Amino acid sequence: MSEETNPLRDAIREAIVENPVILFMKGTPEQPMCGFSARTSAALQALGAPFAAVDVLPDPRIRQELSALSDWPTIPQLFVRGELVGGADIIAEMYENGELADVLGVEQPAPAEDPVEAGSAPLSIENRLG
Amino acid sequence: MATSEELKQRIEAALPGASAEVTGDDGAHFEAVVVAPQFEGMSRIAQHRLVYDVFEGELGGSIHALALQTKAPVRSSS
Chain A
3 MSEETNPLRD AIREAIVENP VILFMKGTPE QPMCGFSART SAALQALGAP FAAVDVLPDP
63 RIRQELSALS DWPTIPQLFV RGELVGGADI IAEMYENGEL ADVLGVEQPA PAEDPVEAGS
123 APLSIENRLG
Chain B
436 MATSEELKQR IEAALPGASA EVTGDDGAHF EAVVVAPQFE GMSRIAQHRL VYDVFEGELG
496 GSIHALALQT KAPVRSSS
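Chains as they are written, first to last, in my numbering: chain A, 3 to 132; chain B, 436 to 513.
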């Protein structure tokens with residue numbers, strides 16, 4: 003493969019720079035095609051953080067170029083402000099310990115089985131897309 | 436076909452002083468918990484990369500999935 007021009011790699015790099023939170027995954031958040039991608043996008047959705055999602059499945063070269071760029075072999079890959087934050091395992095761990103909410107600058111939602119006083123509940127917890 | 440024992444040995448050989456617990460018996464999907472002195476002071480990304488590097492080119496290929504948990508050894512009297 004020639005090194006001279008690589009429009010696909012440039013496009014991926016651009017997407018990472020332009021989107022503060024971007025997830026490369028198999029399938030879409032609505033219809034993930036792999037359990038690891040499903041878990042990772044569910045964590046982002048549970049936090050109510052807006053994110054861009056790129057499906058790597060339509061063209062195997064997307065994944066190839068992405069991994070070459072990020073030096074990370076597996077999918078999913080989450081980038082925040084241009085930096086690789088992690089794959090499925092790291093994101094799951096960070097979601098559970100609250101670090102992911104910190105990185106994304108959002109509030110960690112209270113556990114679902116812990117009902118919040120209705121009167122004081124914030125407006126933001128409407129995202130129950132599971 | 437890869438076995439969990441083989442993965443364990445390769446991780447431990449590549450990271451001297453590490454101990455790896457690898458499970459998974461279908462030859463393609465594995466889970467590993469790796470404790471290695473090399474992880475000390477590294478970000479999680481760097482820790483995982485170090486383990487991924489052991490299987491360069493095989494992850495996503497013959498090894499479909501390697502669920503990974505990495506830790507630096509707890510410094511205690513054990």
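All C-beta atoms in this analysis are idealised placements derived from N, C-alpha and C, irrespective of residue type, glycine included. Only a predicted model underlies this, so the values are computations on that prediction, with no experimental measurement involved.
Would you please verify whether the beta carbon of A/Phe38 is less than 8 Å from any beta carbon of chain B?
With 8 Å as the cut-off, A/Phe38 counts as an interface residue toward chain B.
Rounded to a whole number of angstroms, what is the C-alpha to C-alpha distance between B/Ser454 and A/Pro75?
Distance between the alpha carbons of B/Ser454 and A/Pro75: 22 Å.
Any beta carbon from chain B within less than 8 Å of A/Gly88's own beta carbon?
Judged by the 8 Å Cβ criterion, A/Gly88 is in contact with chain B.
Could you tell me which of B/Leu485, B/Thr438 and B/Phe465 sits nearest to B/Phe474, measuring between CA atoms?
Taking only the C-alpha atoms, the option nearest B/Phe474 is B/Leu485.
Does the stretch 33-42 of chain A come within contact of the stretch 66-84 of chain A, defined as at least 3 CB pairs closer than 8 Å?
Yes, the stretch 33-42 of chain A is in contact with the stretch 66-84 of chain A.
Output needed for A/Tyr97: all residues of its chain with C-beta closer than 6 Å, excluding positions within five of it in sequence on either side, in chain order.
The answer, listed in chain order, is Ala45.
From the beta carbon of B/Ile480, is the nearest beta carbon of chain A less than 8 Å away?
Output row for B/Ile480: interface = yes.
What number of angstroms, rounded off, separates the C-alpha of A/Leu59 from the C-alpha of B/Arg510?
Distance between the alpha carbons of A/Leu59 and B/Arg510 is about 43 Å.
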